[in-house]
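Counting the sequence shown from 1 gives a position; the numbering used here is that position plus 1.
By construction, the Cβ of each residue, glycine as well, lies at the ideal position given by its N, Cα and C atoms.
It should be emphasised that the depicted structure is a prediction, and the values quoted were computed from it without experimental measurement.
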Amino acid sequence: MAKQTKTPANNPTSRLETIFAYMAAGLIGTSILAMLAALIIAATGSATPGVGQQLLPPVLVFYPQFGLIAGAASIIALLITNIRRRTRENRK
């Protein structure tokens with residue numbers, strides 16, 4: 002007999018998976034926006050240094066470096082929690 006598939010109504014995602022998914026989307030999305038803002042500021046020439054001025058705000062420089070890594074880590078954590086949940090369901 003064929004194995005019956007569960008409908009999404011019978012198989013809700015856990016709260017942890019939802020948190021990881023939104024966290025990954027938020028971190029990666031805001032990192033991309035910060036990169037685009039840095040590119041636009043640099044392209045318009047308003048980032049040319051004057052006396053006592055900085056090139057770019059430090060957040061626009063450093064946030065994408067850490068945000069993309071944290072977003073990738075939350076995608077990996079989402080993948081691991083999803084695999085663990087599915088193997089636990091298949092054992093039953």
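- In this chain, the alpha helix (DSSP H) harbouring residue 65 covers 59-92.
- Residue 38 and residue 61 have their C-alpha atoms some 7 angstroms from each other.
- Counting of Cβ neighbours within 10 angstroms places residue 72 among the buried residues, the total reaching 16 or more.
- In this structure, DSSP gives residue 15 a state outside helix and strand, which the three-state scheme calls coil.
- In this model, residue 69 and residue 14 are separated by some 24 angstroms (Cα to Cα).
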